[in-house]
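First to last, the protein sequences are chains E and B. Using this note's numbering, the first residue of the first sequence is number 12, and each one after it goes up by one. Using this note's numbering, the first residue of the second sequence is number 4, and each one after it goes up by one. Structure first, then comments.
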Amino acid sequence: MKFKVMICIKQVPSSTEIKIDPATNTLIREGAENIINPFDVYAIEEGVRIKERLAGTTDIEIETVVVTMGPPQSEKILREAISLGADKAVLLSDRAFAGSDTLATSRVLSAAAKKLGDVKIILCGKQTMDGDTGQVGPEIGQLLNMPFVGYISEIQLIALDRILLKQLKEKKYDIIETELPAVLSVLKEINSPRIPGLKNMMKAKAAPIEKWGINDLQINPAQAGLDGSATRVIKIFKHEIKNDTKVIENNLKAQVDEICKELFSYGKT
Amino acid sequence: MSYFYTEEQEMIIEICNRIVQEKIKPVRAQLDEEEMFPREILSEIGRSDLFRLFIPEQWGGMGTGIFEVCIATEILSKGCLGVATSYAASGLGFLPILISGNDEQKNRYLPSLASGEKIAAFGLTEAEAGSDAGSIKTRAELDGNNYILNGTKQWITNGGEADIYSIFAITDESKGIRGASAFIVEKGFKGFSFGKKEKKLGIRASATRELVFENCIVPKENLIGKEGMGFIIAMKTLDKSRPAVGAQAVGVAQAAIEEALIYSKIRKQFGQSISSFQAVQHMLADMATNIEAARQLVYHAAKVVDSGLKESSRLSAMAKLFASDVAMKVTTDAVQILGGYGYMRDYPVEKMMRDAKITQIYEGTNQIQRNVIALDLIKNGF
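Structural data, given as structure tokens:
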């Protein structure tokens, strides 16, 4: 038996000037310079730290496995993840996965977790930089029937069967204890990712990358890719946020009254 | 500019550049201002395996050459010479163990130095024994299974911060310079303490301190090599480490010209960028040419040291001498190009100029380097 920490990462275009395929309304990823989704780098670091924290406390082998679903060139970010300290990498790549929305993606990642076996923690970044939905983590939790805790800023305590987490809320923190296995999504506050070491960089260059397709994962094709997606992207457009500026002049009390009146008129208190 | 680096060397450069950008540059002004030892950055350097470079694989190292150490040192020096000095000084501290230590000493000390968990320092200089290293007064007397050390070392880089010290002391006064021996002294050995921390012109992130030995008890097995080999071990160590001082100089000079170049394009006087003036252009051209020449000399010296050829002593002295003189000139000219702004602490070039000066002084003053070169010429011809 092993204690596996599965880290879900995604390749995203490094540039903000991304192109959209007008036919499918999805991102054109080919040709763009791709990087690890910045939030996922914190998930990788936290995974490596979990291994380091648990290493001295148990005889059970702790293994960090980084997993991504994407086109073949996603291998690059998996190698980068190994240079950052991950033990193993799996690429989930198949034509049948193309066009997946978050639900279809979560099905593929959940199937990968089942195939890996012994997965005790699944780590995700808070959200991706391209899609920005933050849905995949909770969906994996739902599909695998594992507790999901998001917006984690600190792992306060960890044992082989449970974990104590600090979760960021709007203006406060909650301390949450949960059993393992669990799915966790992490914030940037959780750590400061290390710079890759020379040994790991050299290891990453030659490391074998496992590749699993739809048959390896035993997913019904109707549940994956564009066909298996519950949502369709109809249109992508830039949302204009209108900023109004209004200068209120008068004595202080009158200014306060005026501002209150203004705010109430928006339905805010 | 291509230097035909290997893939491994490119990786070292990439790692060092990231350390410079993400870890050093944001804090270097503060480290300088507050004379703060860069403990966290050294841990990061350790995690990145950079202390492993020159140490053979059997002791947890990566078994590279001095050339790779020079590349790493050069890039780190672009970020901050104080940080780079602390890094390089640990290498200088463990070189005597690596060059002349026995397997037991290597097994005991090298793995934790390779990982960066511990750092080392080199203790040769004394108040009255600088360039004249043969005049050291620290004594080591054999007493049963221990040597008893008495004396004070001065201006020791990483002093107080390092865990492992290579210390040179006289075991036989009658033999003069041939009566010196080298010892491994651990922080915490009875009778070993630290004197005042020096306040310096530059490289202020690095720690420079006195080492005080008062009946300090050093186990007999911590003698490196044999009694009387101390001076030879010191010279062999310095021959290997000198190219890295040249690399420090190249790094700080490179950082200075990069700042000067950016500034000269932005700064407008008389309605145009100052980079359009020939007076500035010629300064930049001379700076770049000198840096390039210094880098080639350092790289070549490092390769010759790695090849084990005999002429390495002369070449590494030339590399250290030339590159450090270039660094002083280039950093001074960079301040000149930035003018009044260059003299202010808001810009990084005044620090580079203050930092560069030490490369002409430490690990053998440039006057001593000229002695080494001249004596070698006279003895062996060109």
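We put the beta carbon where it would ideally sit given N, CA and C, even for glycine.
- For Lys203 (chain B) and Asn211 (chain E), the gap between their C-alpha atoms comes out near 38 Å.
- Identification of residues in the region 37 to 53 of chain B having a C-beta nearer than 8 Å to some C-beta of chain E yields Glu47, Arg50, Ser51, Asp52 and Leu53, given in sequence order.
- One alpha carbon belongs to Val23 (chain B), the other to Ser94 (chain E), and they sit about 18 Å apart.
- Selection B:Gln12, B:Gln257 and B:Lys26 evaluated against Thr335 (chain B) yields B:Gln257 as nearest (Cα-Cα).
- Residue contact with chain B for Pro49 (chain E): absent (no Cβ-Cβ distance below 8 Å to any residue of chain B).
- As computed with DSSP, Pro24 (chain E) is found in a beta bridge with E:Asn45.
- Among the CB atoms of chain E, none fall inside 8 Å of the CB of Arg31 (chain B).
- Within the region 47 to 71 of chain E, no residue has a Cβ lying closer than 7 Å to any Cβ of chain B.
- Counting C-beta pairs closer than 8 Å gives fewer than three between the region 62 to 72 of chain B and the region 123 to 133 of chain B, which falls short of the contact rule.
- Segment contact: the region 27 to 34 of chain B against the region 212 to 232 of chain E, fewer than three CB-CB distances shorter than 8 Å; contact not assigned.
- Nearest to Ile31 (chain E) by alpha-carbon distance, out of E:Ile245, E:Leu195, E:Gln266 and E:Asn261, is E:Ile245.
- Beta-bridge partners of Ile173 (chain B) (DSSP): B:Arg142 and B:Ala183.
- Apart from sequence neighbours up to five positions away, the residues of its chain that approach Phe192 (chain B) with a beta-carbon distance below 8 Å are Cys219, Ile220 and Val221, ordered along the chain.
- With respect to chain B, the C-beta atom of Arg205 (chain E) has a partner C-beta closer than 8 Å.
- By the beta-carbon neighbour count (other beta carbons within 10 angstroms, threshold 16), Arg55 (chain B) is buried.
- Taking the CA atoms as reference points, Ile206 (chain E) sits about 11 Å from Glu91 (chain E).
- Measuring C-alpha to C-alpha distances from Glu353 (chain B) to each of B:Gly367, B:Thr368, B:Met331 and B:Arg373 identifies B:Met331 as the nearest.
- Among the residues facing chain B, Lys210 (chain E) is included, as its CB has a counterpart in that chain under 8 Å away.
- The Cβ-Cβ distance between Lys21 (chain E) and Val76 (chain E) does not fall below 8 Å.
- With 16 or more other Cβ atoms from the protein chains shown falling within 10 Å of its own Cβ, Ala124 (chain B) counts as buried.
- Residues of chain E whose Cβ lies closer than 7 Å to the Cβ of Arg207 (chain B) do not exist, since the nearest Cβ in that chain is about 24 Å away.
- Ala288 (chain B) counts as exposed, since fewer than 16 other beta carbons sit within 10 angstroms of its beta carbon.
- For Met80 (chain E), the enclosing beta strand (DSSP E) starts and ends at Glu72 to Met80.
- Flagged as an interface residue toward chain E: Met14 (chain B), by a C-beta distance shorter than 8 Å.
- Cβ atoms of Ala136 (chain B) and Ala252 (chain B) stay farther apart than 8 Å, at about 22 Å.
- When C-alpha distances from Thr211 (chain B) are compared across B:Ile159, B:Gly228 and B:Ser267, the shortest belongs to B:Ile159.
- Listed along chain E, the residues sitting closer than 7 Å to Ile22 (chain B) by beta-carbon distance are Ile206.
- Counting the other Cβ atoms within 10 Å of the Cβ of Arg106 (chain E) gives fewer than 16, which makes it exposed.
- In this structure, the beta-carbon distance from Lys126 (chain E) to Asp227 (chain E) falls below 8 Å.
- Shown here, Val160 (chain E) sits in a strand according to DSSP, grouped into three states.
- Here Leu134 (chain E) is near Ala54 (chain E), since their CB atoms are less than 8 Å apart.
- Residues of the region 356 to 372 of chain B whose Cβ lies closer than 9 Å to any Cβ of chain E: none.
- Contact of Met347 (chain B) with chain E is not assigned, every C-beta pair being separated by 8 Å or more.
- Taking a Cβ-Cβ threshold of 8 Å, the residues of chain E close to Glu25 (chain B) are Ile206, in chain order.
- Contact between the region 353 to 370 of chain B and the region 318 to 330 of chain B is present, with at least three C-beta pairs closer than 8 Å.
- With a beta-carbon spacing of about 6 Å, Leu98 (chain B) and Lys243 (chain B) fall inside the 8 Å limit used to define contacts.
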